[in-house]
Amino acid sequence: MALVNKLILILLSITTPSLAMTEFVSANTTASTSVERCQLIGDPDLYGLGVRLSFYISWAAGLLASALGTIEALKSPRFNSNVLLFTLLIVLIHSVHRGSFAALEWYIVINLAFMSLSTHIHLIPFFVFPAIKALLARVLMPTLEGYMEENNPTGTEDPTPLPQLSSLNQNAAIDSNPEEIIEDGVEKEAKRRVGKLYRIIYYNDPVGFGFTFLIYGIFGCCMPWVHFARSRSGYMDNCSVPVVYFGTFDIYNRHWQTFLKVTTVIWVPFSCLAILLGSYMVTRGIMKQRMYARTLEMMREQKNNQIGALWSDLDNIKDSLDNGQQVPGVVSEGANTSEPIQPISDTNQQTTGSRKNNATEEDEKQEVIKRVSEVQNRYCSRNRIARLTSFVVIAFSGIISIWNVEMTIQKNQINMDDNLSSSTGQLLAFIIAILTIGNFIWEVVKLGYEEKRVRKEVNKIQEKVKY
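When we follow our numbering, the leftmost residue of the sequence shown carries the number 1, and every step to the right adds one.
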């Protein structure tokens with residue numbers, strides 16, 4: 001993965017821009033002899049065939065990952081989309097200052113960006129809301145603490161402080177083995193964050209998700225500038241420019257312009273929030289790298305436990321428990337997720353906490369069977385429905401975006417060279433997409449191999465019980 005990312009950055013660094021921009025033929029001195037005054041010349045580095053194919057391939061990867069339930073493998077396509085969108089954003093801003101047809105360029109690229117975002121948008125409620133909560137806590141807590149100090153200067157009503165090590169003991173403990181203390185803190189913090197399994201997608205790529213929010217936030221904040229200050233950039237009298245958005249509209253239609261301006265204003269607060277969240281995610285992803293890596297490792301262990309439970313036969317589990325043999329592990333989501341992850345076999349051998357002090361061995365067996373049954377029922381009722389919903393959202397939004405882009409280019413008969421070998425930007429965008437999809441397929445194969453390994457372990461255990 002790291003090698004592919006470095007190769008992508010190297011390829012982008014040697015890209016030579018074509019310096020083309022979207023404009024009418026009559027405004028271009030090199031093509032002013034054309035009889036088609038309203039003929040548009042396009043920018044292949046912005047939305048040429050190679051660039052569009054790169055976005056389409058990333059979207060197809062998201063669709064495949066949703067169908068197979070391997071959303072974790074989208075780290076590489078996400079990196080590709082982030083780098084490509086950031087590059088296009090720079091080119092767009094530069095082209096606007098050069099007098100390009102800004103409204104049309106931004107409309108096409110925004111549709112491509114929305115299609116890319118559709119790969120991740122169905123995940124937003126899962127990790128954005130906890131991130132917002134954490135961000136607000138970090139912003140508001142100092143203010144609240146200052147307010148408490150102002151209203152309670154003597155400190156008489158402060159709660160009893162938590163017990164701490166004395167300074168001598170604390171220094172001795174730190175001097176004896178500081179690495180062990182740091183690792184213990186990382187381990188405890190990771191256990192606290194394991195939580196729900198859907199967060200494994202975020203912990204697998206916190207910095208990538210952060211940059212995604214940053215880039216889309218910047219896009220959203222630039223839109224009012226484009227539609228209010230630069231809406232007439234590249235304008236030509238008596239030249240109609242149709243755009244497709246659930247229908248066909250002229251880009252300078254008064255109602256269409258009003259719709260765009262209102263929409264961009266509404267999205268500004270959300271874009272600012274996206275920038276804050278993106279900055280927070282990137283910062284935390286870098287500062288908490290070790291802890292996030294440990295959290296991801298624990299989440300994968302928990303995921304393997306649940307995969308084992310899904311492929312377990314309840315009758316065989318009963319026989320296995322009666323014979324004192326080990327069975328696949330599972331952690332119930334209803335349990336306290338801050339507790340260490342333990343396999344079911346350990347539950348059969350020991351009791352943990354006051355909850356099981358008076359439990360009999362038979363009660364423990366029934367608890368194990370109940371946990372496995374809950375996981376299997378929950379998977380059938382929720383996981384498959386969620387996967388289907390995700391697939392439909394990605395497929396629908398992607399198809400609509402592709403239709404809007406391709407039909408807009410076709411209706412305007414935009415003249416640009418779609419030969420990949422003639423444009424360095426197009427060729428490199430396409431090559432990067434191919435490298436990305438190759439890395440994505442490899443990650444999917446690895447996830448499939450890991451699941452297959454867990455299933456084989458379950459089958460071995462069940463065969464022992466049978467014979």
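Beta carbons: idealized from backbone N, C-alpha and C, even for Gly.
Residue i versus residue j: straight-line alpha-carbon distance, rounded
i: Phe228; j: Met115; result: 25 Å
i: Ser233; j: Ile93; result: 12 Å
i: Gly185; j: Lys288; result: With a pLDDT of only 47 at Gly185, under the threshold of 50, the placement of this residue in the model should not be trusted; the figure read from the coordinates follows. Gly185 and Lys288: Cα-Cα distance of roughly 12 Å.
i: Ser390; j: Lys261; result: 30 Å
i: Leu388; j: Gly398; result: 15 Å
i: Lys452; j: Leu63; result: 22 Å
i: Thr212; j: Ile286; result: 15 Å
i: Ser401; j: Asp418; result: 19 Å
i: Val83; j: Ile432; result: 10 Å
i: Asn238; j: Val282; result: 48 Å
i: Asp43; j: Val207; result: 31 Å
i: Phe396; j: Ser66; result: 13 Å
i: Leu276; j: Thr258; result: 28 Å
i: Ile441; j: Val226; result: 38 Å
i: Asn358; j: Arg384; result: Here the model assigns Asn358 a pLDDT of 44, short of 50, so the residue's position is not dependable, and the following value carries that caveat. Going by the C-alpha atoms only, they are around 38 Å apart.
i: Pro343; j: Leu427; result: Summary for Pro343: the model assigns pLDDT 42, below 50, so the residue's position carries little reliability; its value from the coordinates is reported in the next sentence. So the alpha carbons of these two residues sit roughly 50 Å apart.
i: Ser240; j: Phe249; result: 10 Å
i: Gly210; j: Arg290; result: 17 Å
i: Gly438; j: Tyr252; result: 42 Å
i: Pro242; j: Val445; result: 44 Å
i: Glu105; j: Leu112; result: 11 Å
i: Arg355; j: Ile434; result: Confidence at Arg355 is low in this model, with a pLDDT of 46, below 50, so the placement of that residue is unreliable and no value is reported for it.
i: Asn336; j: Val268; result: Summary for Asn336: the model assigns pLDDT 40, below 50, so the residue's position carries little reliability, and this model does not support an answer.
i: Thr87; j: Arg52; result: 14 Å
i: Cys38; j: Tyr280; result: 47 Å
i: Phe247; j: Arg284; result: The residue asked about is misnamed: residue 247 is Gly in this sequence, not Phe. Computed Cα separation, rounded: 43 Å.
i: Arg254; j: Leu68; result: 45 Å
i: Ala274; j: Ser423; result: 33 Å
i: Thr263; j: Arg294; result: 42 Å
i: Trp256; j: Val265; result: 14 Å
i: Gln410; j: Leu420; result: 19 Å
CB of residue i within 8 Å of CB of residue j, strictly
i: Leu447; j: Ala73; result: yes
i: Phe430; j: Ser54; result: yes
i: Tyr245; j: Asn404; result: yes
i: Ile41; j: Met416; result: yes
DSSP-derived helix/strand/coil call for residue i
i: Thr248; result: strand
i: Ile80; result: Strictly speaking, residue 80 in this sequence is Asn, with Ile absent from that position. Helix.
i: Asn415; result: strand
i: Val243; result: strand
i: Phe468; result: Absent from the structure is residue 468, since the part of the chain shown begins at 1 and ends at 467.
i: Tyr449; result: helix
i: Gln350; result: In this prediction, Gln350 scores a pLDDT of 44, lower than 50, which makes its location untrustworthy; the coordinate-derived value is nonetheless stated afterwards. Three-state result, Gln350: coil.
Candidates the options, of which the one nearest residue i by Cα
i: Gly425; options: His97, Gly50, Phe24; result: Gly50
i: Tyr216; options: Val445, Tyr107, Phe55, Leu85; result: Leu85
i: Ile394; options: Ile57, Thr248, Arg98; result: Ile57
i: Cys221; options: Cys272, Gly208, Thr22; result: Cys272
i: Glu450; options: Ala65, Pro242, Arg384, Thr70; result: Thr70
i: Asp205; options: Arg98, Gly278, Ser423, Ile41; result: Gly278
i: Arg230; options: Ala102, Pro242, Arg384; result: Ala102
i: Ile218; options: Asn111, Leu89, Gln413; result: Leu89
i: Phe270; options: Leu214, Glu105, Ile41; result: Leu214
i: Glu406; options: Arg98, Thr22, Thr263, Gly48; result: Gly48
i: Thr22; options: His255, Ile414, Thr264; result: Ile414
i: Arg78; options: Leu117, His255, Leu68; result: Leu117
Rounded distance between the beta-carbons of residue j and residue i, thought under 8 Å
i: Ile108; j: Thr408; result: 6 Å
i: Val91; j: Leu46; result: 6 Å
i: Met236; j: Phe24; result: 5 Å
i: Ser100; j: Glu443; result: Actually they do not touch by this definition, with Cβ atoms about 38 Å apart.
Interface flag, residue i vs chain B, CB-CB below 8 Å
i: Glu443; result: The chain labelled as chain B is not found in the depicted structure, where only one protein chain is given.
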